[in-house]
Amino acid sequence: MIKKIKFGIAAGSVCILVILINCLLFGKLFPYSPVIVGFSRHELASTVVYIQRGADTPDLSRIDGLIPDVENFHKWKFLSKPRIFIFKDKKSYYQRSMSRARFCAYYNGDIVISPWALQEAEKGEISLEIYLTHELSHSLIHQHSGMIRAFHYPAWLLEGIAMYSADQMGTSWYPSKEQTCDYIRQGNFMPPEYFKTGKEDRIHLDVEYRTTFIYSEFACIVDYLVEKYGMDRFLSYVKELTASSNHDQVFKKTFDIEFSDCIQDFRESAIQGQHAGKQSSHPDDAQQSRSGLFIQ
Ligand SMILES: [Zn+2]
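Using the numbering used here, read the sequence shown as starting at 46 and increasing by one per residue.
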């Protein structure tokens, strides 16, 4: 009997191990796998790009060249070269990615790019540079948070700073700062703390594209914080949260105002047109237009 139980435990353990290895190599845990099968590896100056056999190879220098701007914006260096994965077709992407989005940054800092995102970039429908700059912001913060804290990092802030750092408002399907403030003036507003919680669906939004409005709203909140308190103070808040899970306490300590009061002030300034009326304070505006990197 004991022999049978021991055999059962051993057989069960082997089964679990086989399933885990299969998930890591060919399934949803693929970006967390230390061994990558079926992809060519391209070690560049600042990134490591993996291209699945049979996939087209994009201009890798365009991808690698984004890292210095991302580091300069956040005033933070990547702890290791982010790994970026490119897939040959939708089936392979869906099989190995937890997301069905165009791009996804994982909690370990790795980024997956869908095949259709590359096709859309090729046709000029999206800017690969803007979208990847957005994902690289997530990757950088995830690397510094570590996987556990990355999971708990405020989702609205991650998206807000990624949008803001990539200067993404007003591009593709994302409303501009002025359009976002118009929507807020019309009564649309997603409380940041509701984002990616069960409460999110309770909020009705009368906007053209729900998700892109929400993302632009968060970018506007980041813009408001940078304008009001300065970039250095804002970045110290972003960085402090990679070590603390008490968001509201960190917010109060950094800005000397309760988070809920500040969000109320932001909303009122957007409604009164004070926030939208100001010029964008994005510190990289001049640099970006000089570089010509971003397709508008
Ligand atoms: Zn994002």
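Virtual Cβ for every residue (Gly too), placed ideally from N, Cα, C.
Problem set entry | Sub-8 Å separation of His-137 and Gln-97 beta-carbons | As a working note, residue 137 is residue 92 in the sequence shown. As a working note, residue 97 is residue 52 in the sequence shown. The sequence given here has Ser at residue 137, not His. Yes.
For this session: Go through the segment 129-153 residue by residue and report every complete run of the alpha helix (DSSP H) that reaches 4 residues or more, in order.
Result: 135-141
Exercise. Taking the alpha-carbon positions, what's the Ser-91 to Phe-132 distance?
Worked result: Residue numbering aside, residue 91 sits at position 46 when the sequence shown is read from its first letter. Residue numbering aside, residue 132 sits at position 87 when the sequence shown is read from its first letter. Those two C-alpha atoms are separated by around 20 Å.
For this session: Under the assumption that Leu-250 contacts Phe-240 (Cβ atoms under 8 Å), give the Cβ distance between them as a whole number of angstroms.
Result: Numbered from 1 along the sequence shown, position 205 holds the residue referred to as residue 250. Numbered from 1 along the sequence shown, position 195 holds the residue referred to as residue 240. With 8 Å as the limit, Leu-250 and Phe-240 do not qualify as a contact, their Cβ atoms being about 12 Å apart.
Exercise. Among residues of its own chain, excluding the 5 on either side of Lys-120, which ones have a beta-carbon nearer than 7 Å to its beta-carbon?
Worked result: Position 75 of the sequence shown, counted from the start, is the residue given in the question as residue 120. Here the set comprises Leu-280.
Exercise. What do you reckon, is the C-beta of Ala-315 under 7 Å from a heavy atom of ligand 1?
Worked result: As a working note, residue 315 is residue 270 in the sequence shown. Every heavy atom of ligand 1 is 7 Å or more from the Cβ of Ala-315, so no.
For this session: Quick one: residues in its chain with C-beta nearer than 8 Å to the C-beta of Pro-113, no 5 flanking neighbours on either side, listed in chain order?
Result: Here residue 113 corresponds to residue number 68 of the sequence shown, with the count starting at 1. Same-chain partners within the cutoff: Ser-91.
Problem set entry | Same chain only: Cβ atoms within 8 Å of Trp-31, ignoring 5 sequence neighbours per side | Only positions 46 to 341 of the chain appear in the structure, and residue 31 is not among them; the question remains open.
Exercise. What are the residues that DSSP puts in a beta bridge with Phe-342?
Worked result: The structure shown does not extend to residue 342, since the chain is modelled only from 46 through 341, so no value can be given for it.
Exercise. Which whole-angstrom value describes the C-beta separation of Phe-118 and Ser-190, a residue pair presumed to lie in contact below a C-beta threshold of 8 Å?
Worked result: As a working note, residue 118 is residue 73 in the sequence shown. As a working note, residue 190 is residue 145 in the sequence shown. Phe-118 to Ser-190, Cβ: 17 Å. No contact.
Exercise. Can you name the start and end residues of the alpha helix (DSSP H) that Val-252 belongs to?
Worked result: In the sequence shown, the residue the question calls residue 252 occupies position 207. From DSSP, Val-252 is part of no alpha helix (DSSP H); its letter is neither H nor E.
For this session: Kindly provide the ranges of any alpha helix (DSSP H) runs that are 4 or more residues long and lie completely inside the segment 161-226, ordered along the chain.
Result: 173-190, 192-197, 200-210
For this session: Could you say which of Phe-130, Ile-158, His-320 lies nearest to Arg-230 if we only look at CA atoms?
Result: Residue mapping note: residue 230 aligns to position 185 of the sequence shown, counting from 1. Answer by Cα proximity: His-320.
Exercise. Hey, out of Leu-89, Tyr-77, Val-93, Gly-99, whose CA is closest to Gly-83's CA?
Worked result: For the purposes of this step, residue 83 is taken as the residue at position 38 of the sequence shown. Among Leu-89, Tyr-77, Val-93, Gly-99, the Cα nearest to that of Gly-83 belongs to Gly-99.
For this session: Check each residue's C-beta against every heavy atom of ligand 1 and list, in chain order, those closer than 6 Å.
Result: His-179, His-183, Glu-204, Ala-207
For this session: Compute the beta-carbon to beta-carbon distance between Tyr-260 and Glu-204, rounded to the nearest angstrom, for a pair I have assumed lies under 8 Å.
Result: What you label residue 260 is simply residue 215 of the sequence shown in a count that begins at 1. What you label residue 204 is simply residue 159 of the sequence shown in a count that begins at 1. That pair is a contact at about 5 Å.
Exercise. Who does Ile-156 pair with in a DSSP beta bridge?
Worked result: Mapped onto the sequence shown, residue 156 falls at position 111. DSSP output for Ile-156 lists Ile-129, Ala-150 as bridge partner(s).
For this session: State the DSSP-derived secondary structure class of Ile-248, mapped to helix, strand or coil.
Result: Residue mapping note: residue 248 aligns to position 203 of the sequence shown, counting from 1. Ile-248: coil per DSSP, three-state reduction.
Exercise. Arg-107 and Leu-62: beta carbons closer than 8 Å?
Worked result: As a position in the sequence shown, residue 107 is number 62, starting the count at 1. As a position in the sequence shown, residue 62 is number 17, starting the count at 1. No, they are not a contact pair.
Exercise. In this structure, does DSSP put Met-276 in helix, strand or coil?
Worked result: Working through the sequence shown from its first residue, we reach residue 276 at position 231. Helix at Met-276.
Exercise. Can at least three beta-carbon pairs, one atom from the segment 216-223 and one from the segment 148-159, be found at a separation below 8 Å?
Worked result: no
Problem set entry | Selection from Pro-76, Tyr-254, Val-115 that minimises the alpha carbon distance to Leu-181 | Along the sequence shown, read from residue 1 onward, the residue named residue 181 stands at position 136. Taking only the C-alpha atoms, the option nearest Leu-181 is Val-115.
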